[in-house]
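Chains U and F, in that order, give the protein sequences.
Count the first sequence with this note's numbering and you get residues 14 to 264, in order.
Count the second sequence with this note's numbering and you get residues 14 to 264, in order.
A virtual CB, placed ideally from N, CA and C, is assigned to each residue, including glycine.
Written below as structure tokens is the structure these notes are about.
There are 2 protein chains.
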Amino acid sequence: MASAEGLHAARSRGRNTRQLVHEVLRSRIVGLELAPGSAVSENDLAAELGVSRTPVRESLILLADEGLVDIYPQMGTFISRIRERDVASAQFIREALECAALRDAVGKATARDVAELRVLLTAQEEADAQSDMAGFFQLDEQFHQRLMAVSGHASAWPVVSQAKAQLDRARRLSLPLTQQMSLLIGQHREVVDLLEDGDLDRADGALRSHLRLVFSDVEKIRAKHPELFSDQDAPLRPRRESPRRAAARED
Amino acid sequence: MASAEGLHAARSRGRNTRQLVHEVLRSRIVGLELAPGSAVSENDLAAELGVSRTPVRESLILLADEGLVDIYPQMGTFISRIRERDVASAQFIREALECAALRDAVGKATARDVAELRVLLTAQEEADAQSDMAGFFQLDEQFHQRLMAVSGHASAWPVVSQAKAQLDRARRLSLPLTQQMSLLIGQHREVVDLLEDGDLDRADGALRSHLRLVFSDVEKIRAKHPELFSDQDAPLRPRRESPRRAAARED
DNA sequence: ATTGGTCGGCTACCATACAAGTACGTCAGC
DNA sequence: GCTGACGTACTTGTATGGTAGCCGACCAAT
Numbered sequence: 014m015a016s017a018e019g020l021h022a023a024r025s026r027g028r029n030t031r032q033l034v035h036e037v038l039r040s041r042i043v044g045l046e047l048a049p050g051s052a053v054s055e056n057d058l059a060a061e062l063g064v065s066r067t068p069v070r071e072s073l074i075l076l077a078d079e080g081l082v083d084i085y086p087q088m089g090t091f092i093s094r095i096r097e098r099d100v101a102s103a104q105f106i107r108e109a110l111e112c113a114a115l116r117d118a119v120g121k122a123t124a125r126d127v128a129e130l131r132v133l134l135t136a137q138e139e140a141d142a143q144s145d146m147a148g149f150f151q152l153d154e155q156f157h158q159r160l161m162a163v164s165g166h167a168s169a170w171p172v173v174s175q176a177k178a179q180l181d182r183a184r185r186l187s188l189p190l191t192q193q194m195s196l197l198i199g200q201h202r203e204v205v206d207l208l209e210d211g212d213l214d215r216a217d218g219a220l221r222s223h224l225r226l227v228f229s230d231v232e233k234i235r236a237k238h239p240e241l242f243s244d245q246d247a248p249l250r251p252r253r254e255s256p257r258r259a260a261a262r263e264d
Numbered sequence: 014m015a016s017a018e019g020l021h022a023a024r025s026r027g028r029n030t031r032q033l034v035h036e037v038l039r040s041r042i043v044g045l046e047l048a049p050g051s052a053v054s055e056n057d058l059a060a061e062l063g064v065s066r067t068p069v070r071e072s073l074i075l076l077a078d079e080g081l082v083d084i085y086p087q088m089g090t091f092i093s094r095i096r097e098r099d100v101a102s103a104q105f106i107r108e109a110l111e112c113a114a115l116r117d118a119v120g121k122a123t124a125r126d127v128a129e130l131r132v133l134l135t136a137q138e139e140a141d142a143q144s145d146m147a148g149f150f151q152l153d154e155q156f157h158q159r160l161m162a163v164s165g166h167a168s169a170w171p172v173v174s175q176a177k178a179q180l181d182r183a184r185r186l187s188l189p190l191t192q193q194m195s196l197l198i199g200q201h202r203e204v205v206d207l208l209e210d211g212d213l214d215r216a217d218g219a220l221r222s223h224l225r226l227v228f229s230d231v232e233k234i235r236a237k238h239p240e241l242f243s244d245q246d247a248p249l250r251p252r253r254e255s256p257r258r259a260a261a262r263e264d
């Protein structure tokens, strides 16, 4: 609600309406504010955000390219359910890129780099102490991004970020469940320590097992929230909720 | 020219106009038919392809997301020049993903997989014998895609393909220059042989050096065709050609 | 000759109108 | 009661109109 009319206000800072809508929708999807499987409509979103269909539509096309929504022509657009295939693919991409970057970072990281990473670690511990889940997610993102930047491959981050989005939707639920923030932080610290020591293989292994722990959580979540997942690779029947509200409102 | 009116004809097969335009433009850009640095216009493309501006515009937005065009609002859209940063990033992504996939493929590849790869190799040799460069490019693409499919990570191919597009624009020029098609094919064969033998580390090394050979060619091309490259990371002055034709036509 | 202002033409951005197609509730016929 | 045709309301796809903004040429003033 708060972002409905505030969209045009922030428009002055270089970014156009399409980019703003894209960011808003992406945030809502990854934050599970828009539930997987639910239908979204270009018209409804345009009305809610106070813009026309065009920027909304263009944003949805980009989101479809990222695999966050599924567009069925003349049928509707739906927040994509979490697909086994997509999650596995995202995990593979993330693991390959982040570990490859880390291997390049070992021996290149300066004392300043390590110090900056440790600053993020203490911030994560503070977020843990305050049970600030949203803050931890943000700091976790920054940590992994910073780690890639140290390797000199910061420009590859968007690809990792896109893959990570598929995983993060499930993690939003898994993190409060298992409450293993401190465990994750410990793994982060281990990676930084091994990076500082220049121990390439063990650093790689530590990061890899860290990423796989995150991955394994997705399966636990699947048991608890099967409605967010899709057994089909390409669901041909998205199943729309019956439009009773229109009939009920008209009376 | 031939694709101007044939666009709507092929529209029946599921894909909509936007996807068709996207494919056409992507093909033209990667094939260097549209030169890096040249200006494109929604209006001109729409008129040429016989469609409205909407699908053209939506395609350009997707191409901008892939890094193949740069959109400057109210100024114009330009085929992106090859940027040092983008090429390095693409190389890193490609190498990390393809090598990681190959490591997963070793020990998993069946005799049938190896046989199918070898079919592609003989086809490549035939293309080499006939100096069929376009055919070789297509077969090269198929080979690398198939290699990833063997590992079970076929769904990660689009990411590789997108990174590869940045490299391919330069390779289109490097390949006829160095005429090393047979060398590349030999490297392909070596990878397949080592994959069949189950020699993980040597297969990884063979593929890695193969990919780096391709990468090193880009630098050679830069010396020959500097106009295709951009020194700036973000060129603020795209430099449009002076619109003299309008003045000259008006007399 | 140089500099500053103005104006025309271009651009992409956004809004809107129309077209094509699907899903689902309704109702007639059995 | 059940089945099948039909119509309405919805969807995305495409086309087109109008707007803000930038560039570059032209021209006047210095």
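Taking 6 Å as the cut-off, is the C-beta of U:A167 nearer than that to any heavy atom in the ligand NAP? In the structure shown, the ligand NAP is absent, as is every other ligand, since no ligand is present at all.
Endpoints, beta strand (DSSP E) assigned at U:T90: Bounds of the beta strand (DSSP E) holding U:T90 are G89 to I92.
Say whether chain U places a C-beta atom closer than 7 Å to the C-beta of F:L110. yes
Hey, how far is the Cα of F:D244 from the Cα of F:F91? Between the alpha carbons of F:D244 and F:F91 lies a distance of about 16 Å.
Between F:R98 and chain U, is there a C-beta pair that is closer than 7 Å? yes
Taking F:F149 as the query, report the chain U residues whose CB atoms sit under 7 Å from its CB, ordered along the chain. Residues of chain U with a Cβ closer than 7 Å to the Cβ of F:F149 do not exist, since the nearest Cβ in that chain sits about 27 Å away.
Nearest to U:R31 by CA position, among U:L115, U:I74, U:E209 and U:R185, is which residue? U:I74
Just to confirm, are F:R66 and F:E55 a CB contact at a threshold of 7 Å? For F:R66 and F:E55, yes; Cβs fall inside 7 Å.
According to DSSP, what are the bridge partners of F:S243? F:R96
Euclidean distance between Cα positions of U:G89 and F:I198: 46 Å
So, does the CB of F:A169 fall closer than 7 Å to a CB anywhere in chain U? yes
Could you check how far apart the C-beta atoms of F:A114 and F:M146 are, in whole angstroms? I think they sit under 8 Å. Between F:M146 and F:A114 the Cβ distance is about 26 Å, and since that is not below 8 Å, they are no contact.
If you measure between the beta carbons of F:D99 and F:G120, is that distance less than 7 Å? No, the Cβ-Cβ distance between F:D99 and F:G120 is not below 7 Å.
Residues that U:N29 contacts on chain F, provided the C-beta gap is smaller than 7 Å: P86
Listed from N- to C-terminal order along the chain, which residues in the segment 222 to 239 of chain U have their beta-carbon within a distance smaller than 8 Å of any beta-carbon of chain F? none
Against chain F, with Cβ distances strictly below 7 Å, would U:S102 count as a contact? yes
Helix, strand or coil: how does DSSP classify F:A59 here? helix
U:H166 CB to nearest chain F CB: under 7 Å? Answer yes: the Cβ-Cβ gap between U:H166 and chain F drops below 7 Å somewhere.
Check the Cβ of F:I106 against every Cβ in chain U and list those closer than 7 Å, keeping chain order. L110, A169 and V172
Same chain, Cβ closer than 6 Å to F:A22, neighbours up to 5 away in sequence not counted: Because the pLDDT at F:A22 is just 49, under 50, the model does not fix this residue reliably, and the value given afterwards should be weighed accordingly. For F:A22, where only same-chain residues beyond five positions count, there are no Cβ hits under 6 Å.
Quick check: the Cα distance between F:R116 and F:Q87, rounded to an integer number of angstroms? 48 Å
Let me confirm a value: U:V132 is counted as buried when at least 16 other C-beta atoms fall within 10 Å, else exposed. Which label applies? The residue in question, U:V132, is exposed, as its Cβ has fewer than 16 Cβ neighbours within 10 Å.
Hey, is F:L33's beta-carbon within less than 7 Å of any beta-carbon in chain U? no
Look at the alpha carbon of U:P256 and the alpha carbon of F:D126, and state the distance between them as a whole number of angstroms. Note on U:P256: pLDDT 46, under 50, position unreliable in the model; the coordinate value appears next. Taking the straight line joining both Cα atoms gives about 50 Å.
Anyone know if the C-beta pair for U:F242 and U:I95 falls short of 7 Å? yes
Cα-Cα separation between U:E36 and U:A122, rounded to whole angstroms: 32 Å
Which same chain residues end up closer than 7 Å to F:L148 when comparing Cβ atoms and leaving out the 5 residues on each side of it in sequence? This sequence places Gly at residue 148 of chain F; Leu is not what is there. A140.
Using a C-beta to C-beta distance shorter than 8 Å, which residues of chain F count as neighbours of U:L75? I74, L75 and D78
U:F105 and F:H166 closer than 7 Å at C-beta: yes
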